[in-house]
Structures are given as C-alpha cells and as structure tokens.
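One structure is given below, encoded as structure tokens.
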Amino acid sequence: MSKKPSKGILLINLGTPDSPSVADVRKYLVEFLTDGRVIDIPALRRNLLVRGIIAPFRAPKSAKLYQAIWDDKTGSPLLYYSELQQRLLQEQLGDDYHVELAMRYQTPSIASALANLKPMNLESIRVIPLFPQYASASTGSVIDKVMELMRKWHTFPEVSVVNDFYDNEAMIDVFVENALTHQPETYDHVLFSYHGLPVRQLTDVEASGTHDCEKAGCRERIAGHNRYCYLAQCYATTRLLAQKLQLSTEGYTVCFQSRLGKTPWIQPYTSDVLKDVAAKGKKRLLVFCPAFVSDCLETIYEVGTEYATEFKDLGGEHVQLVQSLNAHPLWIKGLQQLATATR
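Be aware that the sequence shown starts at 1, since it is given in UniProt numbering, and climbs by one per residue.
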C-alpha cells in the first residue's frame, strides 16, 4: 500500500489547443486573449477585438502552424513535454508528494487539477508556474486564476508560489549543455530571443505605476527596485548564460519575439535584429529561447522555421535553435529543487 501524499505540487504551463483544427485553435485563442492580464484593455473592447477580429482571422493561420509541429503520436509538443516533466518530477519526489499538471488555457485545466488536489487533505500545495521570468501576463495570470478558484474552498492547506526562477542554476546549466552540442564557437553570433510584452505592462512593476526600464537600468542590473521587472529578469538570465558560455558582450544580442498588434512592445524585436546582423555579414546564428521550459510553437516554428527562412532571405546561411529544457534529467532535478526549497 503506497503512502498517502501530504504535499501537493501544481505545475502550470501556458496552454495549447486540444488539436490543430481551426475550431480548437480558435477556442484556445479566445480563452488566451480574453484574459485581462494578456490584453490589458477594458473588457468590452477586449472581447469585441478578440472574438470579432483576432480569433476569426488568426485561427486559420495559427492552425496551419500548429499542424506543422503537431506529432501524429504525441500531439502538442508543449503538452507532451509538460506531461513528461510532471511524471518525472513525481518519480523524483516520491510518495510524500502528489504532482498535478495544468494549463492556464485549455486542458488540463487549473480547475480540474485543483479539484484533484482538494480532497487529498494535503498539508501544503506549491504552485509552480512554468515561466522562468515573471510577467503579469503569464505568472501573474496563473496566480490570479489559482486564487480565484481556491477562494471558494472552506479550508486551505499552506499555499506557496514560485514567482520566478530566472536565475535557477539547473535551468542555466541545461541550456548551456544543449548549446554545447551545437559547438557555439562555430557561429557568428548568438541571439537570446524572449517572448515579448507590451511596454505598458512594465510600468506597474513598481507600486507607483511609473516604472521606467531605461531609468531603472533594467538591461544592466537587477535589484530590489526592479526585482519583478520582466525585462530585468530576461537580461539577468542572459548574463548568466553568456558568462557560462564565455561570450563577449559583442558576441550576443537580447531580443523579443511574438508581438501582437500595433502597440509598442519591448525592443529590440527579433525580426529587426535578424536584419541588423545579416547586414553586418553574419551568416550563422545560434538562438536561445530562455523564456520557455518546453519546446512549443514559439520555439520550433517561429524560430526554427519562420526566423530561419527570414534570415536566409536576408543573406544568412543557418539559424540553429537551442532546444529547450524539455525532459532533461538535470532540469527535473531543478524542478525538484523548486518544489522542495524553503522560500
């Protein structure tokens, strides 16, 4: 008879459509983009924009992209690797823990994961949003949803949240190890491409609502004043990676991908950086995506296909994506540390 678990771990990733069909992609986009932390405009405008314009027009195009990365046996890469992480972490932690997996959008839902944890009468639940760098639109949205659902409970175990792990040593080491398989010294330049955010979403990092990344020096340092700034955390992750890879400051560029709409997003944009490095005669690029713990549409297709094609059209020769953490044994140990560390 197995031991009854006393501690719960809830891993939460962003989400993925249930299938690459247009209908399922549209359903996913609607849930994702109507989140007020993702598109932070008044609810009526947001719903009209997403349901009336973005989802209907974007779903057919996005469905084709998902079809390109969808595996006939394993399905969505993000869900596949997330489920592997859940299973392997459960094996590492043993019977004293119960590990649940949820997606912020679509299935498995946060509601279903919490419904599984609730009757276990656990001593504690640790929520681990699988986003290395904190942002209101990702980690903040996960915490918001968990709180919304758990506030209906009559009794609460001890609840803790891992807000970020941008400097997690295991994460850094896995990215470096994965990069070394591609012989970084054979590339002309390295890109650290992070998921983008609207610039306006960085202003609330400070309680005053007037945070200014340039004045705060977020690209150069991270400290108490910008501790939860997404931009500062992205650059902090980059510095750790560059140091371990022994890259000179001229040998790499930080950039941001996946922007939506016409509002200003964090710059420089990855597409603009590709033009810049191509104009300088760079032919071979090594690209990291350190905002993702699992390979997904944004890494496999956006970088591995779209940016690779764009770079070749600009005169480049090769773009090599450094694979994400996925199910690397060292990353599972890193997750174990996040799950058990006293915070």
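Just so you know, even glycine gets a beta-carbon here, dropped at the ideal spot from N, CA and C.
Heavy atom of the ligand MG less than 7 angstroms from the Cβ of Q67, yes or no?
-> As far as ligands go, the structure on display features none, and thus does not contain the ligand MG.
Proximity to V142 [Cα-Cα], best of F57, L11, A339 and A216 | That would be L11, whose Cα lies nearest to the Cα of V142.
Given R87, which residues of its chain have a CB within under 7 angstroms of its CB, disregarding the five upstream and five downstream residues?
-> Excluding the 5 residues flanking it on each side, R87 has no same chain C-beta neighbour closer than 7 angstroms.
Quick one: what's K7 bridged to in DSSP?
-> Answer by DSSP bridge pairing, in chain order: Y97 and S124.
Euclidean distance between Cα positions of V287 and W153 | V287 and W153: Cα-Cα distance of roughly 44 angstroms.
Checking contacts by CB at 8 angstroms: is L260 closer than that to chain E?
-> Looking at the structure shown, chain E is missing, and only one protein chain is on hand.
Could you name the residues of the same chain whose beta carbon sits closer than 7 angstroms to that of I266, not counting the 5 residues immediately before and after it, in chain order?
-> So the list reads G196, L197, V199, L231 and F256, once near-sequence residues are dropped.
Under the three-state reduction of DSSP, which class applies to S160: helix, strand or coil?
-> Correct three-state label for S160: strand.
How many angstroms separate the CA atom of P20 from the CA atom of H225?
-> Answer to the nearest angstrom: the Cα atoms are 42 angstroms apart.
Taking C-alpha atoms, which residue in D272, F131, L33 and R284 lies nearest to D188?
-> For the options D272, F131, L33 and R284, the alpha carbon positioned closest to that of D188 is the one of R284.
How many angstroms separate the CA atom of R111 from the CA atom of D144?
-> According to the sequence displayed, residue 111 carries Ala and not Arg. In this model, A111 and D144 are separated by some 13 angstroms (Cα to Cα).
Leaving out five residues before and five after S109 in sequence, what residues of the same chain have Cβ atoms less than 8 angstroms from its Cβ?
-> A102 and M103, listed in sequence order.
If we count the other Cβ atoms within 10 Å of its Cβ and call it buried at 16 or more, is L48 buried or exposed?
-> By the neighbour-count rule (16 or more Cβ atoms within 10 Å), L48 is not buried but exposed.
Who are the Cβ neighbours of C234 in its own chain at under 6 angstroms, not counting the five residues just before and after it?
-> Hits under 6 angstroms: Q133 and Y194.
Per DSSP, D71 is paired with what?
-> According to DSSP, D71 bridges with G75.
On a CA-only basis, which of K275, E317, E302 and F192 is nearest S258? Give me that one, please.
-> The option with the nearest alpha carbon to S258 is E302.
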